[in-house]
Amino acid sequence: MGTKIQIENLVKTFGSGKSATNAVDNLSLTIEPGDLFFLLGPSGCGKTTLLRMIAGFIDPTAGSIAFDDKVVTHDPPNKRNTGMVFQSYALWPHMTVAQNVAFGLNVRKITGKEQHDRVMEALEAVQMAEYADRKPTQLSGGQQQRVALARAIVIKPSVLLLDEPLSNLDAKLRNDLRLQIRNICKDSGITTVYVTHDQKEALSMADKVALLKKGKVIQLGTPVELYRKPKSKFVAEFLGETNLIHAQASGSASNTTLQIEAGAFSANLDNDHAGDTLVSIRPEAITLEKPGTPNTLPGRVLHSTYLGETAQHIVELKGAPNIKVAQMNPFAPTTIAPNPGDEVALHLSPTDIVPIDHD
Ligand code: ADP
Ligand code: MG
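Offset between the sequence shown (1-based) and our numbering: plus 299.
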């Protein structure tokens, strides 16, 4: 059902001469039909510019965009059948909820019973049917954003585009709406492109994520691939906390030995590595053991923070930056609960050690 989006060598240059910048810089991407696809990256990396080129609001400087096999690169927005949701809800204050949602249907000359049925269907999808006759000013932010979503999907768009739609909402509402938006996209089968700078939003909702930096795709994959197999320091650090360790590698991919001053540890890597190697290890891939446990590195606890269901420890390790360790169940009977200054042993999960590029 959904539409396939193919973006090839897309460029958008703002300004000219010395002040020219490529907000989107020779970017290529394929978005599969029905995918909930995330454009993730820091502020200013070109997410909105790319989304607005997909919508047709910004004319690309070079490159092409195709929906299925139809090139739409320079088509105006109304020729593309996209639905868009912005950070600001942009509802018309003088219209009721139902009238706001009906707007795109009026433009398409869909009236009468069909209009009414489709408006109610869209409002039901976002759980707002009972508010049909209210004005936007009588709704909370989360409710207004759900109306904006209903207004975008009521036209049955080929592509749904969302630009930081949850940024203005508080944390609890954001969580509820994440799930609702995902369900709507998956139930309808509409190809959805979702822009955010919030890595938690991307990891928890996406089928696929493209991580952007300075107008380029740095890495593309499923949330699990990006989180567990970051290719660069930028990806590893953008998607959460990590430990970066310089080690000397020897052996073969499936049984690599990594040596630092504190000792040696083994890793299961995808490729052979020899000599100077930078590896990333997430805090939750490290466990605290009693000193002297086999296959561990000796360290000393500097600081512990208990957060209820998790604990975070900072551990000094010879030959490496201070190591962050996350314990998932810090009060379980078998878990080591150290005090600052305690000697401990670190076990590094061999399959969670990932070699990365230095940039
Ligand atoms: P993001 O949505 O990832 O925060 P944007 O796509 O809004 O990033 O912006 C990418 C870059 O392009 C930024 O450096 C921004 O300043 C620049 N930019 C965006 N829109 C314009 C514009 N209309 N004129 C000039 N520069 C722009
Ligand atoms: Mg933006």
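Even for Gly, the Cβ is constructed at its ideal location relative to N, Cα and C.
- Taken through DSSP and simplified to helix, strand or coil, proline 629 comes out as coil.
- Aspartate 368 and alanine 447 have their C-alpha atoms some 29 angstroms from each other.
- Excluding residues up to 5 positions away in sequence, Ala401, Leu404 lie with their Cβ nearer than 7 angstroms to the Cβ of glutamine 414 in the same chain.
- DSSP lists no beta-bridge partner residue for isoleucine 357.
- Comparing alpha-carbon positions, the option among Tyr493, Lys434, Gln398 lying closest to alanine 354 turns out to be Tyr493.
- Of the residues Ser648, Gly488, Ser457, Tyr526, the one whose Cα lies closest to the Cα of alanine 501 is Tyr526.
- Ligand 2 has no heavy atom closer than 7 angstroms to the beta-carbon of valine 418.
- About 6 angstroms separates the CB atoms of threonine 595 and leucine 645; that is less than 8 angstroms, so the two are in contact.
- Of all alpha-carbon atoms in Lys378, Gly441, Ile489, the one lying nearest the alpha-carbon of aspartate 334 is that of Ile489.
- In the displayed model, histidine 612 falls within a strand according to three-state DSSP.
- The C-beta distance from leucine 460 to arginine 473 rounds to 19 angstroms, too long to fall under 8 angstroms, and the pair is not in contact.
- In terms of Cβ geometry, threonine 633 and glutamine 626 do not form a close pair [threshold 8 angstroms].
- At the C-beta level, leucine 438 and proline 359 stay beyond 8 angstroms of one another.
- Taken atom to atom, the span from the alpha-carbon of glutamate 540 to that of alanine 584 is near 11 angstroms.
- The three-state secondary structure of glutamate 588, taken from DSSP, is strand.
- In the displayed model, glutamine 442 falls within a helix according to three-state DSSP.
- With a beta-carbon spacing of about 5 angstroms, leucine 349 and valine 323 fall inside the 8 angstroms limit used to define contacts.
- Relative to ligand 1, the beta carbon of lysine 346 is positioned inside 7 angstroms of a heavy atom.
- Arginine 433 and histidine 393 have their alpha carbons spaced roughly 10 angstroms apart.
- Around the C-beta of threonine 491, 16 or more other C-beta atoms lie within 10 Å, and the residue is accordingly described as buried.
- About 6 angstroms separates the Cβ atoms of glutamine 498 and leucine 339, confirming a contact at the 8 angstroms cut-off.
- Contact check for glutamine 305 against alanine 365 passes: the beta carbons are separated by less than 8 angstroms.
- If you keep only unbroken beta strand (DSSP E) runs of at least 3 residues inside the region 505-592, you get 507-512, 515-520, 542-551, 554-559, 562-566, 574-580, 585-588.
- Shown here, isoleucine 452 sits in a helix according to DSSP, grouped into three states.
- Secondary structure note for isoleucine 306: its beta strand (DSSP E) is the uninterrupted segment 304-313.
- For threonine 436, the three-state secondary structure derived from DSSP is helix.
- Closer than 7 angstroms to some heavy atom of ligand 2: that does not describe the Cβ of glutamate 588.
- The continuous alpha helix (DSSP H) containing isoleucine 480 extends over residues 470-487.
- The C-alpha of histidine 496 is placed about 26 angstroms away from the C-alpha of alanine 424.
- Assignment of glycine 598 by DSSP, reduced to helix, strand and coil, places it in the strand class.
- The three-state reading of DSSP puts serine 327 in strand, counting E and B together.
- Taking C-beta atoms as the reference points, alanine 421 and valine 396 fail to come closer than 8 angstroms.
- Ligand 1 has a heavy atom closer than 7 angstroms to the beta-carbon of glycine 340.
- Residue burial is scored here from C-beta neighbours: tyrosine 605 has fewer than 16 other C-beta atoms within 10 angstroms and is therefore classed as exposed.
- Separation of leucine 543 and serine 565 (C-alpha to C-alpha, rounded to the nearest whole angstrom) is 15 angstroms.
- For glycine 539, the distance from the CB to the nearest heavy atom of ligand 1 is not below 7 angstroms.
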